[in-house]
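Here the sequence shown is numbered in this note's numbering, starting from 26 and rising by one per residue.
No residue lacks a Cβ here, since even glycine has one placed at the ideal position from N, Cα and C.
Following: one structure in structure tokens, then a few remarks.
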Amino acid sequence: MSELYEIGSKEEFESLVAGDTPVLADFWATWCTPCKMQSPILADFAAAAGDKVKVVKVNVDENEALAAQYGIMSIPSLLVFKNGEVVDKKIGLTPKAELSDMVMKHI
């Protein structure tokens, strides 16, 4: 089972996305209702994906520099990283099947 990582710093984030394992990053905020709805979907996806994918949550209010670096203007924003590069992006509440399609093609 893949765990959900709560990002505390830019350095921690960059370390997690640098490898060749795909990383699904959820840029979110505590005050965002669609983000709250996305959270259990992400947890289900992480459990189903296992070790094939890392799933990280980036609070945009606590990590403003990261949000700015990746041009996050709307949340939730879901970015897929591989080898430190963004390879896919989706904005808005996203169902589990769509998350799976988005991420698994990069394994």
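Rounded to whole angstroms, the separation of the alpha carbons of A54 and A92 is 11 Å. Here the stretch 31-41 makes no contact with the stretch 60-72; the two share fewer than three CB pairs at distances below 8 Å. Boundaries for S102: no alpha helix (DSSP H) harbours it, while the beta strand (DSSP E) harbouring it runs 102-107, taken from the DSSP string. One alpha carbon belongs to S40, the other to M127, and they sit about 22 Å apart. Boundaries of the beta strand (DSSP E) harbouring E110: 110-116, taken from the DSSP string. Non-local beta-carbon contacts of K121 in its own chain, meaning distances under 7 Å to residues more than five positions away in sequence, involve I66, D69, F70 in chain order. Each of W56, A74, A50 was checked against the Cα of Y95, and the nearest Cα belongs to A50.
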